[in-house]
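Participant: Quick one: the structure is below, questions incoming.
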Amino acid sequence: MSWLGPEEWQAVALSLRVAAVATLAALPFAVGMAWLLARRRFPGHALLSAAIHLPLVLPPVVTGYLLLMTFSRNAPVGGFLDRIGLSPAFHWTGAAIAAGIMGFPLMVRAIRLGFEAVDPRLEQAAGTLGAGRAAVFTTVTLPLILPAVIAGTVLGFAKAMGEFGATITFVANIPGQTQTVPSAIYAFLQVPGGEGAALRLVAISIVIAVAAVIFSELLARRAARRIAA
97 MSWLGPEEWQ AVALSLRVAA VATLAALPFA VGMAWLLARR RFPGHALLSA AIHLPLVLPP
157 VVTGYLLLMT FSRNAPVGGF LDRIGLSPAF HWTGAAIAAG IMGFPLMVRA IRLGFEAVDP
217 RLEQAAGTLG AGRAAVFTTV TLPLILPAVI AGTVLGFAKA MGEFGATITF VANIPGQTQT
277 VPSAIYAFLQ VPGGEGAALR LVAISIVIAV AAVIFSELLA RRAARRIAA
């Protein structure tokens, strides 16, 4: 990437960092929520599902504004975090929070489909053989839904890499601090002569996206072979 300028390289590195942190932090919660929606029926089930998928239908700017109101220094949550030095507003961690929230519904949806495809009788059979719930999940359920987990992870990572509206609303567009690739592309397109830098970042985005998809396909095929064996 020697043909990238310092500001462009910073945007790429920050985007990868934000996307990785957002995806890894959201993944355990996505698995848990997907299991809850797929395997349990309770009052408010539809409401919970709607709330999880809300970021997909709300304008991203609205999500970013709600995050800003929640984590601003004048809000109870944001004020507390600011006092202990963990305020995410106008910080790269805030970008990770925004990216994780925007990608969370996609992760939950993909993993939920994986849970719904697993025959519960397989888990019940393992339970009758003396395996506890944790053992059943780790040795039976998780291997069977692994392709869905991989798909959800890739979807979440891709969404995090491309997130713009919620991020720029929540943490602004500060070079070297909160400026991700989409924000940098937008910034370069606003100045004369910035088209070249924007085009280079577009090319990098395409390369990263294709590499992520290929990597996920390889992992999914490997997981499928292990299940078949």
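Using the numbering used here, you'd call the opening residue of the sequence shown number 97 and step up by one each time. Don't be surprised by glycine CBs; every beta carbon is placed ideally from N, CA and C. Values in this document were obtained by computation on a predicted structure and should not be read as measured data.
Compare the Cα-Cα distances from Ala247 to each of Ser145, Leu315, Gln275, Thr263 and report the closest residue.
Facilitator: Here the closest residue by C-alpha is Leu315.
Participant: Short of 7 Å in beta carbon distance, which residues of its chain neighbour Leu66, apart from the five on each side in sequence? Order them along the chain.
Facilitator: This structure leaves residue 66 out entirely; the chain is present only between 97 and 325.
Participant: Could you give the distance in angstroms between the alpha-carbon of Pro124 and the alpha-carbon of Ala227?
Facilitator: Taking the straight line joining both Cα atoms gives about 22 Å.
Participant: Considering only C-alpha positions, which residue in the set Ile148, Arg135, Ile197, Ala142 is nearest to Val326?
Facilitator: No answer is possible for residue 326: it lies beyond the span of the chain, which begins at 97 and ends at 325.
Participant: Do Thr265 and Thr276 have their C-beta atoms closer together than 8 Å?
Facilitator: Against a cut-off of 8 Å, the Cβ pair of Thr276 and Thr265 comes out as no contact.
Participant: With DSSP collapsed to three states, give me the class of His187.
Facilitator: The answer is coil: DSSP assigns His187 none of H, G, I, E or B.
Participant: Rounding to the nearest angstrom, what Cα-Cα distance links Leu225 and Arg318 in this structure?
Facilitator: Straight-line Cα distance between these residues: approximately 28 Å.
Participant: Based on Cα-Cα distance, which residue from Leu132, Val306, Ile241, Leu163 lies nearest to Phe253?
Facilitator: The candidate whose alpha carbon is nearest that of Phe253 is Val306.
Participant: Check each candidate in Ala231, Leu238, Glu259 and name the one with the smallest Cα separation from Phe200.
Facilitator: Checked all of Ala231, Leu238, Glu259; the closest Cα to Phe200 is Glu259.
Participant: Count the other CB atoms, across all protein chains shown, that sit within 10 Å of the CB of Val267; report buried if there are 16 or more and exposed otherwise.
Facilitator: Per the 10 Å Cβ criterion, buried.
Participant: Give the single residue among Ile310, Thr119, Ala142, Pro172 whose Cα lies nearest to the Cα of Thr189.
Facilitator: Looking at the Cα atoms, Thr119 is the closest of the given residues.
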